[in-house]
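Working notes, beginning with the structure itself.
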Amino acid sequence: MRSWLLRAAIPLAMIGGLFWPTVLTSTFLAGERATAQVAECDRGAGRSPLKCTGTWRTASGDTGSGEIYGLSRSDAGHTVEVRVGPMGPYRPGPRAAALPVSLSLVWLVAFGALTVQQVRAGKRTRRLLAEPGAPGDLLIVTGKGAHKPDGRRSASVVTLPRPVPAAPGVKTTYWEVRDRAGRPMFRVEQRRAGKSVPEMVVWDPSGVSGHIIRSTGKDSPGGYALLALDGTPVGSVEPFAGTKWGAYEFRDDRGVIRARSSYRTPEWVLRLGPASSPPLSRLALAFIIGQRRRHR
């Protein structure tokens, strides 16, 4: 249900971006005619927009006072013809329409790009779901755990007490992933310094051995290295071709793809390959859960 609400919010937001231009057009064309006496026009401090105030009287005899839109500083002290609509009195023209139309265009472009991303993500996810494979190799992952496509819980996440920061300025979260029976599968120490990309240390239940998931930075934008605790490479996480986030391939130390994932609001789909080793499967699951918990 939440997934559908989030997806529906995007086109609704785009429609909302048309509200202001639509109201302005209606005001310019069908708003009630009025005569306004402009008292003053002041821009205020800094880069504040020009604000003109005054009084007005409509053709039907109604009066009002307050802000009048679409004017210039030279209109102060003069009488101007305006149209009164739901958003107040406007003098029709480019000056009144410039700000709301430009803001609406930015709004529509931004949400249009987001819609395109959602459509592409949906196609990637549907292809991943449709690929042949054992049912147990497919997981739906959120920040709270993972479940099978039929809804059966596979893993759950338990937040552990925050450990002492490894160094000043380093934010650390600590969480454990447990199986259906409540047994620990692995623990994750997620660290972030400033605005850097979070780094994860994935420990086995004993806390003795583990691996590191570390961003490769500028060497491979959007990619991550999978390392043993001594720094030995054991694999990598790489974005799908043409993407920087939202779809990843998990490769072993020979470069062979062992798992793939794709994001669809508000969850990830993770498909583990039949030859994926237990450590790589744990790292893939930890990485995807971490994507949903990285901003917490």
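Residue numbers for the sequence shown follow my numbering, beginning at 1 and rising by one. Backbone N, C-alpha and C fix where the C-beta goes; we use that ideal spot for every residue, glycine too.
- Look at the beta carbons and you see the region 167 to 175 not touching the region 263 to 278: under three pairs across the two are nearer than 8 angstroms.
- In this chain, the alpha helix (DSSP H) harbouring alanine 284 covers 278 to 293.
- Contiguous beta strand (DSSP E) elements confined to the region 218 to 251 occur at 224 to 228, 233 to 239, taking only those with 3 or more residues.
- When Lys218, Asp204, Ser262 are compared, the shortest CA-CA separation from leucine 280 is found for Asp204.
- Sequence-distant Cβ neighbours of alanine 146 in its own chain, meaning closer than 7 angstroms and more than five residues away, are Leu139, Ile140, Ser154, Ala155, Leu285.
- Non-local C-beta neighbours of glycine 223 in its own chain, meaning closer than 6 angstroms and more than five positions away in sequence, comprise Thr216, Glu238, ordered along the chain.
- Between the alpha carbons of valine 82 and alanine 36 lies a gap of roughly 7 angstroms.
- Per the C-alpha coordinates, the member of Ala241, Gly31, Arg187, Ile68 positioned closest to alanine 59 is Gly31.
- Taken through DSSP and simplified to helix, strand or coil, leucine 128 comes out as helix.
- Taking valine 84 as reference, the option from Asp253, Gly70, Leu128, Ala193 with the minimal CA-CA separation is Gly70.
- Selection Val188, Lys123, Pro278, Pro92 evaluated against threonine 265 yields Lys123 as nearest (Cα-Cα).
- DSSP places threonine 27 within a helical segment (H, G or I) once states are collapsed to three.
- For serine 72, the closest alpha carbon among the candidates Val177, Ala39, Ala45 is that of Ala39.
- Methionine 185: member of the beta strand (DSSP E) spanning 184 to 193, first to last residue.
- The DSSP-derived three-state label of alanine 146 is strand.
- For histidine 78, there is no enclosing beta strand (DSSP E), as DSSP marks it with neither H nor E.
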